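Yeah, the sequence shown ends on 1869 if you go by my numbering, and it's all consecutive.
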Amino acid sequence: MLRRMNKNKKEAMGMLALMLPTTLLFLVLSNMDPALLPLASQPLPFGLPDTLGNLPIAAVLLFASMGLTGLVLAVLPATLSRKKILLSGFLLLAVAALMGLFSRSPFELCCWSLLGGIGCTMNICAWISIAATYFPRHCALVVGLMNCLATAVNMVANRLTAIHDAINEQGELPLLPALVGMLILILLYILIWHFFQQISTADERSFVRPEVRSPVGEVWSRGPLLLFLAAVCMPVSAGKFEYLCGAHLREILELPIKTVHMVISVAMISALLSPLAGWLGDRYGAMKTLLIVLPIIAAVSGLLFCGWHMTLDILMLLAFLVGFGLTSVFFVNILAALIQAVPPMQNMRAVGLFYVAFNLGILVAEVVFTHLKEMVGWTALVLVQLVLPLVLATVLVWLAQRVLMPADKVVAPG
1456 MLRRMNKNKK EAMGMLALML PTTLLFLVLS NMDPALLPLA SQPLPFGLPD TLGNLPIAAV
1516 LLFASMGLTG LVLAVLPATL SRKKILLSGF LLLAVAALMG LFSRSPFELC CWSLLGGIGC
1576 TMNICAWISI AATYFPRHCA LVVGLMNCLA TAVNMVANRL TAIHDAINEQ GELPLLPALV
1636 GMLILILLYI LIWHFFQQIS TADERSFVRP EVRSPVGEVW SRGPLLLFLA AVCMPVSAGK
1696 FEYLCGAHLR EILELPIKTV HMVISVAMIS ALLSPLAGWL GDRYGAMKTL LIVLPIIAAV
1756 SGLLFCGWHM TLDILMLLAF LVGFGLTSVF FVNILAALIQ AVPPMQNMRA VGLFYVAFNL
1816 GILVAEVVFT HLKEMVGWTA LVLVQLVLPL VLATVLVWLA QRVLMPADKV VAPG
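So this is what it looks like as structure tokens:
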């Protein structure tokens, strides 16, 4: 038994290490701009537009392929080998990112984006499924650690991009930012590794939640489908938060551009607290956490965009709270709630269903925003794009809890 536990931990550490290059490869592929390619003027076949809203068509196809792959994983048999899907997905993503670097036309980049979306979703869905199986009582914390790691890698990747630009413009390499970024990433990895090793069977018993004890059944039953609809609201609400916040600070409050960047950075960096959001979900229940936090974030969002002239400290605090609620609490706990609402053998199908909702929501947010900003005023735009999805998600999570909880309230005779 002890040998099996040690083997599982080593495999979990291997998967954690695999998430680093996975995130970097995804960032490489998703940040490629078709307009900068040598043959950028070539028209796309099949009458495809160059953009959808502000998204380049390559990014649109990337998210669309991720959503479709999640749907395929949600309907395939639950007995599929997760490790084979994990490694196959990583291989597809690596090939797509590598070939994407050599793309010369937008059509070539679109093809590699389609392949990369398939590989990325396969890899991440299998990764989360295996991790949730190894640590069933810390499901939300596992998702939080993954989100935190992805955010940290994104920050380092942005720094490396700045270093690359500095090389091209100045002909010299600023070593200090590169060394500091890599040191932070290494320390974060060591801390996560140490935390996983400290989790023991005795610790697991103190985190037993109703959602873990009595999953309701199939992934296509009412409870998981209600959570799926709530998950769609997350990218719809969070997708344009950075743009709305920046535009509000610049145009309404007339703050300097450096101050605007500082406030937005504080909001975005809050995703590093995703492990805290996961701990809350494991300790108090993912759905209960959502039911408490989502209305608060909706109210804080309305306060942030109400147009009052507040001090910079208050603005940064409100932006941080909204960012933490959207990128950490909402993301981590809605995914954990979906996983906990189905039997363990179906958790990869639940993760696939979440990625259908997540990527569908990104595209829906882009389309809705593109049309709304030309039709309605600033207040209505903030309400429809940011606040109302949070309110709707709260209602859907409450309904899902009503569906899922009766099985947990059954008391054994005697």
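All residues carry an ideal CB built from backbone N, CA and C; glycine is no exception. What you are looking at is a predicted structure, and each value in this text was computed from that prediction instead of being measured.
Is it right to say I1712 is buried, meaning 16 or more other beta carbons lie within 10 angstroms of its own, or is it exposed? Residue 1712 sits at position 257 when you count from the first residue of the sequence shown. Exposed, by the Cβ-count rule.
Expressed to the nearest angstrom, what Euclidean distance is found between the alpha-carbon atoms of A1835 and L1553? As a working note, residue 1835 is residue 380 in the sequence shown. As a working note, residue 1553 is residue 98 in the sequence shown. If I take the Cα positions, the gap works out to 43 Å.
Would you mind sorting T1524 into buried or exposed? The rule is 16 or more other CB atoms within 10 Å of its CB. Here residue 1524 corresponds to residue number 69 of the sequence shown, with the count starting at 1. Buried, by the Cβ-count rule.
Where does C1761 land, buried or exposed, given buried means 16+ other C-beta within 10 angstroms? By 1-based counting over the sequence shown, the position of residue 1761 is 306. Classification of C1761: exposed, given that the 10 Å Cβ count is below 16.
Completely contained beta strand (DSSP E) runs for the region 1790–1844, where each covers 3 or more residues: none
Cα-Cα separation, C1700 to I1719: Here residue 1700 corresponds to residue number 245 of the sequence shown, with the count starting at 1. Here residue 1719 corresponds to residue number 264 of the sequence shown, with the count starting at 1. Approximately 7 Å, taken between the alpha carbons.
Nearest-angstrom Cα distance between G1678 and L1708? Taking the sequence shown and counting its residues from 1, one reaches residue 1678 at position 223. Taking the sequence shown and counting its residues from 1, one reaches residue 1708 at position 253. Their backbone Cα atoms lie some 43 Å apart in a straight line.
Tell me which same chain residues have a C-beta within less than 6 Å of the C-beta of Q1856, skipping the five on either side of it? Residue numbering aside, residue 1856 sits at position 401 when the sequence shown is read from its first letter. Cβ neighbours of Q1856 beyond the five flanking positions: M1742.
Within 10 Å of its beta-carbon, does V1822 have 16 or more other beta-carbons around it, so buried, or fewer, so exposed? Residue numbering aside, residue 1822 sits at position 367 when the sequence shown is read from its first letter. V1822 comes out exposed.
Under the three-state DSSP convention, the category T1766 falls into: Here the question's residue 1766 lines up with position 311 in the sequence shown. Coil, per DSSP.
Step through the CB atoms of chain C and report whether any lies within less than 9 Å of the CB of L1838. Going by chain labels, chain C is absent from the structure shown, which holds only one protein chain.
Selected residue, minimal CA-CA separation from L1773, among V1839, L1758, L1542: Stepping through the sequence shown from its first residue, residue 1773 is reached at position 318. Considering only alpha carbons, the answer is L1758.
Local Cβ density within 10 Å of W1567, reported as buried at 16 or more and exposed below that: Within the sequence shown, the letter at position 112 stands for residue 1567. When all chains shown are included, W1567 counts as buried.
Cβ pair C1580, Y1810 closer than 9 Å: Locating residue 1580 in the sequence shown gives position 125, counting from the first residue. Locating residue 1810 in the sequence shown gives position 355, counting from the first residue. Closer than 9 Å, so yes.
Pull up the distance between the alpha-carbon of L1727 and that of L1596, whole angstroms please. For the purposes of this step, residue 1727 is taken as residue 272 along the sequence shown, with counting starting at 1. For the purposes of this step, residue 1596 is taken as residue 141 along the sequence shown, with counting starting at 1. Each residue's alpha carbon lies about 12 Å from the other.
Rounded to whole angstroms, what is the Cα-Cα separation between P1591 and S1692? By 1-based counting over the sequence shown, the position of residue 1591 is 136. By 1-based counting over the sequence shown, the position of residue 1692 is 237. Looking at the two C-alpha atoms, the distance is approximately 29 Å.
Taking 9 Å as the threshold (C-beta atoms), are F1813 and M1689 in contact? Counting from one through the sequence shown, the residue named residue 1689 turns up at place 234. Counting from one through the sequence shown, the residue named residue 1813 turns up at place 358. Yes; because the gap between Cβ atoms is below 9 Å, this pair is in contact.
Under the three-state DSSP convention, the category L1859 falls into: Working through the sequence shown from its first residue, we reach residue 1859 at position 404. Here L1859 sits in helix by DSSP.
So the candidates are L1845, F1786, V1598; which of them puts its Cα closest to the Cα of L1749? Translated into the one-based positions of the sequence shown, residue 1749 becomes position 294. Comparing Cα positions, the closest option is L1845.
Quick test of the definition: if touching needs 3 or more C-beta pairs under 8 Å, does the region 1510–1517 touch the region 1826–1842? no
List the whole-angstrom C-beta distance separating G1736 from V1787, where the pair is believed to meet the contact cut-off of C-beta under 8 Å. As a working mapping, residue 1736 is identified with position 281 in the sequence shown. As a working mapping, residue 1787 is identified with position 332 in the sequence shown. With 8 Å as the limit, G1736 and V1787 qualify as a contact, their Cβ atoms being about 6 Å apart.
Using C-beta distances below 6 Å, list every residue in its chain close to N1450, excluding the 5 sequence neighbours before and after it, in chain order. A question about residue 1450 goes unanswered here, because the residues of the chain that appear run from 1456 up to 1869.
What is the C-beta distance between N1578 and T1477, in whole angstroms, given that I count them as a contact (C-beta under 8 Å)? Position 123 of the sequence shown holds residue 1578. Position 22 of the sequence shown holds residue 1477. N1578 to T1477, Cβ: 5 Å. Contact.
Compute the Euclidean distance between the alpha carbons of Q1724 and V1784, then round it to the nearest angstrom. In the sequence shown, residue 1724 corresponds to position 269, counting from 1. In the sequence shown, residue 1784 corresponds to position 329, counting from 1. Checking the displayed sequence, the identity of residue 1724 turns out to be Ile instead of Gln. Going by the C-alpha atoms only, they are around 13 Å apart.
In whole angstroms, what is the alpha-carbon distance linking A1820 and V1839? On the sequence shown, residue 1820 is found 365 positions in, with the first residue counted as 1. On the sequence shown, residue 1839 is found 384 positions in, with the first residue counted as 1. When rounded, the distance between both Cα atoms is 10 Å.
Check whether L1790 and A1702 have beta carbons under 9 Å apart: Position 335 of the sequence shown, counted from the first residue, corresponds to residue 1790. Position 247 of the sequence shown, counted from the first residue, corresponds to residue 1702. No. Outside cutoff.
Which term fits K1539, buried or exposed, when burial requires 16 or more other beta carbons within 10 angstroms of its beta carbon? Taking the first residue of the sequence shown as 1, we reach residue 1539 at position 84. Exposed, since its Cβ has fewer than 16 Cβ neighbours within 10 Å.
Under DSSP, the alpha helix (DSSP H) around H1716 begins and ends at which residues? Locating residue 1716 in the sequence shown gives position 261, counting from the first residue. From DSSP, the alpha helix (DSSP H) with H1716 extends over 1712–1724.
G1571 and L1484: beta carbons closer than 9 Å? Here residue 1571 refers to the residue found at position 116 when the sequence shown is read from its first residue. Here residue 1484 refers to the residue found at position 29 when the sequence shown is read from its first residue. Their beta carbons are under 9 Å apart, which means G1571 touches L1484 by this criterion.
To which residues does DSSP link P1511 through a beta bridge? Residue 1511 sits at position 56 when you count from the first residue of the sequence shown. Answer by DSSP bridge pairing, in chain order: T1506.
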